[in-house]
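The sequence shown runs 15 to 196 under the numbering used here. These notes concern the structure reproduced below.
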Amino acid sequence: MKKIAIFTLFAAAALTFSSCEQESLDPLPEKVEGMYVILNVQQATLEFDNFETTAFRGTLTNPSSNIVRYELFVRRRNPNGVSTSNTKLLETITSFPHQLEITPAKIAAALEVPVTELAVGDVYRFIGYSYDASGTKTGYNNLSAVLRTTPTMKQGYKWSANAAAVINPGDPFNIYTPFSNN
Numbered sequence: 015m016k017k018i019a020i021f022t023l024f025a026a027a028a029l030t031f032s033s034c035e036q037e038s039l040d041p042l043p044e045k046v047e048g049m050y051v052i053l054n055v056q057q058a059t060l061e062f063d064n065f066e067t068t069a070f071r072g073t074l075t076n077p078s079s080n081i082v083r084y085e086l087f088v089r090r091r092n093p094n095g096v097s098t099s100n101t102k103l104l105e106t107i108t109s110f111p112h113q114l115e116i117t118p119a120k121i122a123a124a125l126e127v128p129v130t131e132l133a134v135g136d137v138y139r140f141i142g143y144s145y146d147a148s149g150t151k152t153g154y155n156n157l158s159a160v161l162r163t164t165p166t167m168k169q170g171y172k173w174s175a176n177a178a179a180v181i182n183p184g185d186p187f188n189i190y191t192p193f194s195n196n
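Here you go:
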């Protein structure tokens with residue numbers, strides 16, 4: 015009787031941890047190697063007080079290895095959100111990984127304005143498009159909702175960088191106080 019109970023328990027455990035379902039009938043979709051660029055940002059803000067040395071920095075990678083060209087465009091908006099330029103080609107990239115370094119001088123050259131025209135509070139909108147060997151174009155609108163909205167996915171198709179004043183934490187005059195005791 016003891017052997018029958020052990021055998022029954024063993025058979026139940028074996029059936030629990032095994033499956034009769036064929037792997038070819040697995041309902042999960044096949045993984046499709048899409049055109050996707052990942053942007054790992056190292057510095058996202060352009061320090062206005064150090065325009066000679068500051069840059070937006072990041073690394074562009076191509077995990078599927080099927081992108082042959084990536085075009086990056088830039089557009090400038092003032093602090094009120096009004097677009098002050100047309101969208102202009104900033105850079106064309108043909109090899110990955112690529113160390114992206116976008117300086118204020120590079121932005122000004124693309125927008126065809128002097129660097130001195132760039133101001134604190136400006137927002138620079140970057141838009142990228144990738145192309146495969148057959149010329150198929152992929153942009154932000156071609157990405158799934160998950161890729162577009164999840165910050166951890168690090169999509170390299172649409173992002174912004176700001177020109178901000180450098181705030182010295184030790185300088186008490188940089189602290190904004192909305193109320194006074196008077």
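Ideal Cβ placement from N, Cα and C applies to all residues, glycine included.
- Among the bridge pairs identified by DSSP, LYS168 is matched with none.
- The beta carbons of LEU60 and LEU86 sit no closer together than 8 Å.
- Taking a C-beta distance under 8 Å as the contact criterion, THR75 and PRO111 qualify as a contact pair.
- For a cut-off of 8 Å, the C-beta gap from ALA177 to PHE62 is around 5 Å, short enough to register as a contact.
- Distance from the CA atom of PRO77 to the CA atom of ARG89, rounded to whole angstroms, is 27 Å.
- Straight-line measurement puts the Cα of ARG91 at about 17 Å from the Cα of ALA119.
- Rounded to whole angstroms, LEU125 and THR98 show a C-alpha spacing of 10 Å.
- The straight-line gap separating the alpha-carbon atoms of LYS168 and TYR138 is approximately 18 Å.
- Secondary-structure assignment with DSSP links VAL134 through no beta bridge to anything.
- Per DSSP, reduced to three states, the secondary structure at PHE24 is helical.
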